[in-house]
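Using the UniProt record's numbering, the final residue of the sequence shown is 83, and nothing's skipped along the way.
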Amino acid sequence: MQYKLSFSKTALKNLLKISTNKRKEKLEQLKLNPYKENNNIKKLIGHDGYRLRIGDYRIIYRINKGKLEILVINVDVRGEVYK
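Spelled out as structure tokens, the structure:
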């Protein structure tokens, strides 16, 4: 089962800062299994969502199981994304 990705305006704008190859590879992996917790994907503590690490960048997202959709909320460097 593959999930559909949707992006907030801010997330889409900031996503373009990440190199194309890394971005494509990680987003394809995310669509296949957004729950796989490893070094790059972790459940957020105290929030309903997950974070995906791509180098210095973090992608914050939520999963809508009913629609098989991943909503990317924010993309930014580590120090800024959690604010």
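Virtual Cβ for every residue (Gly too), placed ideally from N, Cα, C.
Distance CB(residue i)-CB(residue j) smaller than 8 Å
{"i": "Ile54", "j": "Tyr61", "result": "no"}
{"i": "Ala11", "j": "Val77", "result": "no"}
{"i": "Asn74", "j": "Ser8", "result": "yes"}
Neighbourhood of residue i by C-beta, 7 Å cutoff - its chain only, sequence neighbours within 5 removed
{"i": "Lys42", "result": "Tyr50, Arg51"}
{"i": "Ile59", "result": "Arg51, Leu52, Val72, Val75"}
Nearest-angstrom Cα separation, counted from residue j out to residue i
{"i": "Asn39", "j": "Asn33", "result": "14 Å"}
{"i": "Asn14", "j": "Thr20", "result": "12 Å"}
{"i": "Leu27", "j": "Lys83", "result": "23 Å"}
{"i": "Leu5", "j": "Arg23", "result": "13 Å"}
{"i": "Lys36", "j": "Ile18", "result": "21 Å"}
{"i": "Glu25", "j": "Gly66", "result": "25 Å"}
{"i": "Leu16", "j": "Leu68", "result": "24 Å"}
{"i": "Gln2", "j": "Gly79", "result": "31 Å"}
{"i": "Tyr57", "j": "Val81", "result": "8 Å"}
Cβ neighbour criterion (16 or more within 10 Å) applied to residue i
{"i": "Ile45", "result": "exposed"}
{"i": "Met30", "result": "With the sequence shown as reference, residue 30 is identified as Leu, and Met is not the correct amino acid for it. Per the 10 Å Cβ criterion, buried."}
Same chain, Cβ closer than 8 Å to residue i, neighbours up to 5 away in sequence not counted
{"i": "Asp48", "result": "Arg62"}
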